[in-house]
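Q:
There are 2 protein chains.
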Amino acid sequence: MGNGVNEFGLIESISQVLGASATAPWIQVGIGDDAAVIQMRSGFDAVASIDTLVADVHFPQSAPAELIGYRALMVSLSDLAAMAALPRYALVALTLPELGDEISAQWVQRLAQGMAVAAKETNVAVCGGNLSRGALSISVSVHGEVEQGQAKLRSSGKPGERLFVTGALGSAAACLRQQQHLPAVADALSDMQRAYYRPQARFDCRSDIKAASCAIDISDGLLQDLNHVLQASGCGADLQADAIPLGIGATLEDALHGGDDYQILFASAEHVAAGLCIGELSSAPGIRLDGKDIETRGYQHFST
Amino acid sequence: MGNGVNEFGLIESISQVLGASATAPWIQVGIGDDAAVIQMRSGFDAVASIDTLVADVHFPQSAPAELIGYRALMVSLSDLAAMAALPRYALVALTLPELGDEISAQWVQRLAQGMAVAAKETNVAVCGGNLSRGALSISVSVHGEVEQGQAKLRSSGKPGERLFVTGALGSAAACLRQQQHLPAVADALSDMQRAYYRPQARFDCRSDIKAASCAIDISDGLLQDLNHVLQASGCGADLQADAIPLGIGATLEDALHGGDDYQILFASAEHVAAGLCIGELSSAPGIRLDGKDIETRGYQHFST
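Chains as they are written, first to last, in my numbering: chain A, 214 to 517; chain B, 214 to 517.
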């Protein structure tokens, strides 16, 4: 048995670390059976998304494991926030190399600790998962609920509506650009490191997002994600450069083309107190910044 | 743009290949937004599970892609069948290396074709997913429904109940043992290859499984999965060797310790027409085969 850890022992220790974060009043059956069983409320639709974070592609493998775990769950949950859904449960499929000095059972426990913190903050239950052997990656399937027919799509924006973001942009990109992305410890982060490792799924903005015409979370850069909204809604956009809120350390370039901020971009005909207005939707296709056409580019996994 | 395939182009082509398999009457929003939206029936609980299949750990990377796709979805769905749930939707997170000769855009399309066939056979909608760059692996999150409080657990077996399996065991293990696991083409499989690559999630046995006291799907070998039931139910089992149904090519060893069959093991106080009785639960701990104690061993990802 080598270091004494087998698959079932590791699952048991993850389950212990998750503790109360593995369960919730709506979880009928949690970790330990073939599948989890979750009580869903009538009058609500289920909202579901999956993301995979690959070591040294989506996070530095040598970063503190708590931060990797926290971020993996939070960035996945961000997709639910963008749909105006309430989070309910998550499943985590962890692919691990052979356990050793770098990725040890203790590393996995710290990863689970980070997930537990994110789960507690968002009131989501990590009620199931899977362990497999391979190159380090984390797939997270997240599930929420939204009042029937009220999910917020990308496709319902209309010319003339104002565009809002829920917070400052670009700090996570600045963190990577300035190579600040390897903090020594999890609990002493700079503001830029915090932007990268502790993004917040904006469930706190749910009432504004519910009132919006369309919404998307900004994971791949403001312009690229805005472009998804424009393509789905069949319109264009005009942005004002000086209205785009820059996070600490961020340049306008970071805010426009960087990713990893996980603020929500949404459109609304009304003024929205909690949103920061950055421009408006227009009937003219394309995106203009201060009246000039601007190219969309951002993170693409498969552009070659 | 190299070979002309970017992330969004690849998603679009997967979506086209999936076609009708990406949607269903209960899918309100499918592929293409931040998350999928699914209408759930009142009076039902949600049932959810996630699995990851890693290339050259859980399937041979050089096998026909259609078979890899079919099997990945079907083995994941098997967990829902074991809970007596009806399948509703699946999310697929695909991690792909840089596209090239071996893993090409066409390979991905054939993978999706195989998933589409499995989806059609089981009436499940592949309504969302994710693409990322890394070592080839497939994470599948599967979701079903079961009448409230009726999910079938591992933990409710009682001494004296008879143990059943839904079909012959060991052929998939025999396929691997005899190194028959690299068929040249997807549509001319031997019986053993069919057992390995075209397992059936046993939704057709749902009425028997609903009537059972406990159930589990046999993914890691009969004895190991039986042991999970025994530990959860707090009892032991007596098996009869000549009652264990052997699949084509399979030895008793394959049936007891091999995995990958995806038949359902369940217990019931009543005789069950569709099940094959292999023994019974007992109050004496441990497993006995023809009265002799037998060691549990099977597939463990992390035993060292």
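By construction, the Cβ of each residue, glycine as well, lies at the ideal position given by its N, Cα and C atoms.
Quick one: does the C-beta of A:Ala-414 sit closer than 7 Å to a heavy atom of the ligand GDP?
A: No copy of the ligand GDP appears in this structure; indeed no ligand is present at all.
Q: Quick one: Cα of B:Gln-453 to Cα of B:Lys-371, how far?
A: The residue you call residue 453 of chain B lines up with position 240 of the second sequence. The residue you call residue 371 of chain B lines up with position 158 of the second sequence. Rounded to whole angstroms, B:Gln-453 to B:Lys-371 spans 18 Å at the Cα level.
Q: Using a beta-carbon distance cut-off of less than 7 Å, what residues from the segment 362-380 of chain A approach chain B?
A: Answer set for the segment 362-380 of chain A: Ala-364, Leu-366 and Arg-367.
Q: DSSP three-state call for B:Cys-490: helix, strand or coil?
A: Along the second sequence, one-based indexing puts residue 490 of chain B at 277. B:Cys-490: strand per DSSP, three-state reduction.
Q: For B:Ala-306, would you say it is in contact with chain A, using Cβ-to-Cβ distances shorter than 8 Å as the test?
A: Position 93 of the second sequence, counted from the start, is the residue given in the question as residue 306 of chain B. So, interface residue.
Q: Am I right that B:Leu-176 and B:Leu-469 are in contact with their C-beta atoms under 8 Å? What's the rounded C-beta distance?
A: This structure leaves residue 176 of chain B out entirely; chain B is present only between 214 and 517.
Q: Report the residue from B:Ala-329, B:Gln-476, B:Ser-345 and B:Ser-255 whose alpha carbon sits nearest the alpha carbon of B:Gln-361.
A: Reading the second sequence from its first residue, position 148 is the one you call residue 361 of chain B. Per the Cα distances, B:Ser-255.
Q: Express the C-alpha separation of B:Leu-324 and B:Val-330 in angstroms, rounding to a whole number.
A: On the second sequence, position 117 is the one that residue 330 of chain B refers to. On the second sequence, position 111 is the one that residue 324 of chain B refers to. Taking the straight line from one Cα to the other gives about 10 Å.
Q: Identify every residue that forms a DSSP beta bridge with A:Ala-332.
A: The residue labelled residue 332 of chain A in the question sits at position 119 within the first sequence. For A:Ala-332, which the question treats as bridged, DSSP gives no partner whatsoever.
Q: Here's a check: name, in chain order, each residue in its chain whose Cβ is nearer than 6 Å to the Cβ of B:Lys-333, leaving out the five neighbours to either side.
A: The residue you call residue 333 of chain B lines up with position 120 of the second sequence. Closer than 6 Å at Cβ, skipping near neighbours: Ser-234.
Q: Would you please verify whether the beta carbon of A:Thr-236 is less than 8 Å from any beta carbon of chain B?
A: Position 23 of the first sequence, counting from 1, holds the residue named residue 236 of chain A. So, not an interface residue.
Q: Using a C-beta cutoff of 8 Å, does A:Thr-335 count as contacting chain B?
A: Residue 335 of chain A sits at position 122 when you count from the first residue of the first sequence. It does not: the Cβ of A:Thr-335 has no partner Cβ on chain B nearer than 8 Å.
Q: Could you compute how far the alpha carbon of A:Gly-243 sits from the alpha carbon of A:Ala-497?
A: Sequence index remark: in the first sequence, residue 243 of chain A carries index 30 (1-based). Sequence index remark: in the first sequence, residue 497 of chain A carries index 284 (1-based). Distance between the alpha carbons of A:Gly-243 and A:Ala-497 is about 50 Å.
Q: Would B:Pro-310 be called buried (16 or more neighbouring beta carbons within 10 Å of its own) or exposed?
A: As a working mapping, residue 310 of chain B is identified with position 97 in the second sequence. Exposed.
Q: Note the first and the last residue of the continuous alpha helix (DSSP H) segment covering A:Phe-221.
A: In the first sequence, residue 221 of chain A corresponds to position 8, counting from 1. Run containing A:Phe-221: 220-231, per the alpha helix (DSSP H) assignment.
Q: Quick one: is A:His-441 buried, meaning 16 or more other Cβ sit within 10 Å of its Cβ, or exposed?
A: Against the first sequence, residue 441 of chain A aligns to sequence position 228. It is buried - the Cβ of A:His-441 has at least 16 other Cβ atoms within 10 Å.
Q: Note down, in chain order, every chain B residue with its Cβ under 7 Å from the Cβ of A:Leu-443.
A: Stepping through the first sequence from its first residue, residue 443 of chain A is reached at position 230. Within chain B, no residue comes near A:Leu-443; the closest Cβ sits about 14 Å away, beyond 7 Å.
Q: Which of the three DSSP states, helix, strand or coil, is assigned to B:Ser-516?
A: For the purposes of this step, residue 516 of chain B is identified with residue 303 of the second sequence, where counting begins at 1. Legend: pLDDT at B:Ser-516 = 47, less than 50; position of this residue unreliable, no value from coordinates given.
Q: Thinking C-alpha only, which one of B:Met-253, B:Tyr-283 and B:Lys-505 is nearest B:Glu-266?
A: Reading the second sequence from its first residue, position 53 is the one you call residue 266 of chain B. The displayed chain sequence assigns Leu, not Glu, to residue 266 of chain B. The shortest C-alpha separation from B:Leu-266 is found at B:Tyr-283.
Q: Indicate whether at least one CB of chain A lies closer than 8 Å to the CB of B:Asn-440.
A: As a working note, residue 440 of chain B is residue 227 in the second sequence. It does not; no Cβ of chain A falls within 8 Å.
Q: Could you name the residues that DSSP lists as bridge partners for B:Cys-427?
A: Here residue 427 of chain B is taken as the residue at index 214 of the second sequence, counted from 1. According to DSSP, B:Cys-427 bridges with B:Ala-480.
Q: Along the segment 478-501 of chain B, where does the CB come closer than 8 Å to a CB of chain A? Name the residues.
A: Here the close residues number zero.
Q: Taking the C-alpha atoms as reference points, what is the distance between B:Ala-428 and B:Ser-289?
A: Taking the second sequence and counting its residues from 1, one reaches residue 428 of chain B at position 215. Taking the second sequence and counting its residues from 1, one reaches residue 289 of chain B at position 76. Near 16 Å, if we compare the C-alpha coordinates of B:Ser-289 and B:Ala-428.
Q: Of all the residues that make up the segment 313-337 of chain B, which are near chain A by a beta-carbon distance shorter than 8 Å?
A: Result list empty, no residue passes.
Q: Under 8 Å between beta-carbons, which chain B residues line up against A:Met-253? List them in chain order, please.
A: For the purposes of this step, residue 253 of chain A is taken as the residue at position 40 of the first sequence. Within 8 Å Cβ-Cβ: Met-253, Phe-257, Asp-258 and Ala-259.
Q: Write down every uninterrupted run of the alpha helix (DSSP H) in the segment 307-374 of chain A whose length is 4 residues or greater and which is fully enclosed by it, in chain order.
A: Fully enclosed alpha helix (DSSP H) runs of 4 or longer: 318-335.
Q: When DSSP builds the beta bridges, which residues end up paired with A:Phe-257?
A: On the first sequence, position 44 is the one that residue 257 of chain A refers to. A:Phe-257 pairs with A:Glu-360.
Q: In the DSSP assignment, what residue or residues form a beta bridge with A:Thr-265?
A: Translated into the one-based positions of the first sequence, residue 265 of chain A becomes position 52. Paired residue(s): A:Ser-352.
Q: Does the contact criterion of 3 or more C-beta pairs under 8 Å hold for the segment 392-399 of chain B versus the segment 468-486 of chain B?
A: Taking 8 Å as the limit for Cβ pairs, the verdict is that the segment 468-486 of chain B does not touch the segment 392-399 of chain B.
Q: Below 7 Å on C-beta distance, what does A:Ala-454 contact in chain B?
A: Position 241 of the first sequence holds residue 454 of chain A. Residues of chain B passing the Cβ test: none, with the nearest at roughly 26 Å.
Q: So is B:Met-296 in contact with chain C if we call contact Cβ pairs under 8 Å?
A: Of the chains in the structure shown, none is chain C; the protein chains are A and B.
Q: Does the Cβ of A:Gly-487 have 16 or more other Cβ atoms within 10 Å, making it buried, or fewer, making it exposed?
A: Taking the first sequence and counting its residues from 1, one reaches residue 487 of chain A at position 274. The sequence shown places Ala at residue 487 of chain A, rather than the Gly named in the question. Label assigned to A:Ala-487: exposed.
Q: Mind checking which residues open and close the alpha helix (DSSP H) that includes B:Gly-282?
A: Along the second sequence, one-based indexing puts residue 282 of chain B at 69. Note, B:Gly-282: alpha helix (DSSP H), 278-295.
Q: Looking only at its chain, what residues have a beta carbon closer than 7 Å to the beta carbon of B:Leu-286, apart from the 5 residues adjacent to it on each side?
A: As a first step, residue 286 of chain B is located in the second sequence; it is residue number 73 there, counting from the start. Result list for B:Leu-286: Ala-303, Met-328, Ala-331, Ala-332 and Val-353, in chain order.
Q: Taking Cβ to Cβ, would you say B:Leu-439 is nearer than 8 Å to B:Ala-450?
A: Position 226 of the second sequence, counting from 1, holds the residue named residue 439 of chain B. Position 237 of the second sequence, counting from 1, holds the residue named residue 450 of chain B. Yes, Cβ-Cβ distance for B:Leu-439 and B:Ala-450 is below 8 Å.
Q: What is the DSSP secondary structure of B:Val-270, reduced to helix, strand or coil?
A: Taking the second sequence and counting its residues from 1, one reaches residue 270 of chain B at position 57. Correct three-state label for B:Val-270: coil.
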